[in-house]
Amino acid sequence: MSHDTYNIDRISELARINLTETERGQYDTELGDILDYVAKLQSIPTDPVPPTDHATGSENVSRVDSVHPSSPKSIISLAPDGNYSIPSVRSLWTS
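Written out as structure tokens, the structure reads:
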């Protein structure tokens with residue numbers, strides 16, 4: 004990627020920030036370095052590398068997800084003391 008393909012003034016305008024000449028020069032250099040690095044990354048041959056969605060090759064070891072019928076009372080009965088009150092949303096906002 005060529006350093007001629009970007010415009011610090013346009014970027015600062017889009018970001019709605021005012022840059023001094025010193026900052027403009029600094030960001031011009033930094034953005035050039037970033038674009039050079041991206042160009043290096045793009046030159047790396049990745050064809051022999053198989054696509055992965057997980058770096059370690061882990062598989063899902065969780066239980067099978069299954070649907071079971073339930074009701075609020077059966078869920079509340081699982082609470083430690085068997086008597087669990089659920090606050091209403093309104094009381095959370097007013098207290």
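Note that the numbering used here has the sequence shown beginning at 4, numbered continuously upward.
Backbone N, C-alpha and C fix where the C-beta goes; we use that ideal spot for every residue, glycine too.
Tell me the DSSP secondary structure of T49 in three-state form.
Coil.
Would you check if the distance between the CB atom of I11 and the CB atom of Y30 is smaller than 9 Å?
Closer than 9 Å, so yes.
Return the CA-CA distance between T55 and S61, expressed in angstroms with no decimal places.
Distance between the alpha carbons of T55 and S61: 11 Å.
Could you pull out every residue in the same chain whose Cβ sits closer than 8 Å to the Cβ of R27, ignoring the five residues on either side in sequence?
Excluding positions up to five away in sequence, the list reads I11, D12, S15.
Ignoring anything shorter than 4 residues or poking outside the stretch 26 to 83, list the alpha helix (DSSP H) runs there in chain order.
75 to 79, all fully within the stretch 26 to 83.
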